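Under our numbering, the first residue of the sequence shown is numbered 17, with each subsequent residue one higher.
Working notes, beginning with the structure itself.
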Amino acid sequence: MPEIKKYKCALCKKEYVRSSVKEEDYFPFCSERCRLMDLGSWLKEEYVTSRPLKEEELVELANAEGEEKEE
Ligand SMILES: [Zn+2]
């Protein structure tokens with residue numbers, strides 16, 4: 017019997033279940049949205065504190081925002 021593991025989202029603190037390989041991409045967040053929000057916040061911090069944004073990071077962010085779930 018597979019073990020169901022619950023995790024707390026690192027951003028919104030909501031409990032969520034990792035049920036598929038695909039969803040693990042968001043770990044440690046509950047969803048793509050939380051992951052992006054967190055990514056956005058640290059990109060901003062990095063920007064003001066130490067280094068300019070890398071182009072690949074911007075591209076990744078844009079791509080992730082553009083796609084909803086593809087099933
Ligand atoms: Zn969340």
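Think of the CB as a built atom: it goes at the ideal place given N, C-alpha and C, for glycine as much as any other residue.
These figures come from a predicted structure and were not determined experimentally.
Buried/exposed call for residue i, threshold 16 Cβ in 10 Å
| i | result |
| --- | --- |
| Phe43 | exposed |
Beta-carbon contacts of residue i that lie in its chain and below 8 Å, excluding the five residues immediately before and after
| i | result |
| --- | --- |
| Ser47 | Cys25, Tyr32 |
| Arg34 | Lys21, Tyr23, Glu40, Phe43 |
| Gly56 | Leu77 |
Where the beta strand (DSSP E) through residue i begins and ends
| i | result |
| --- | --- |
| Lys24 | 22 to 24 |
| Tyr42 | Note, Tyr42: premise wrong, no beta strand (DSSP E); not H, not E. |
Own chain residues within Cβ distance below 7 Å of residue i, not counting five before or after
| i | result |
| --- | --- |
| Ala80 | Glu48, Leu52 |
| Leu27 | Phe45, Cys50, Met53, Asp54 |
Contacts around residue i, its chain only, beta-carbon distance under 6 Å, and the 5 residues preceding and following it disregarded
| i | result |
| --- | --- |
| Lys30 | Cys46 |
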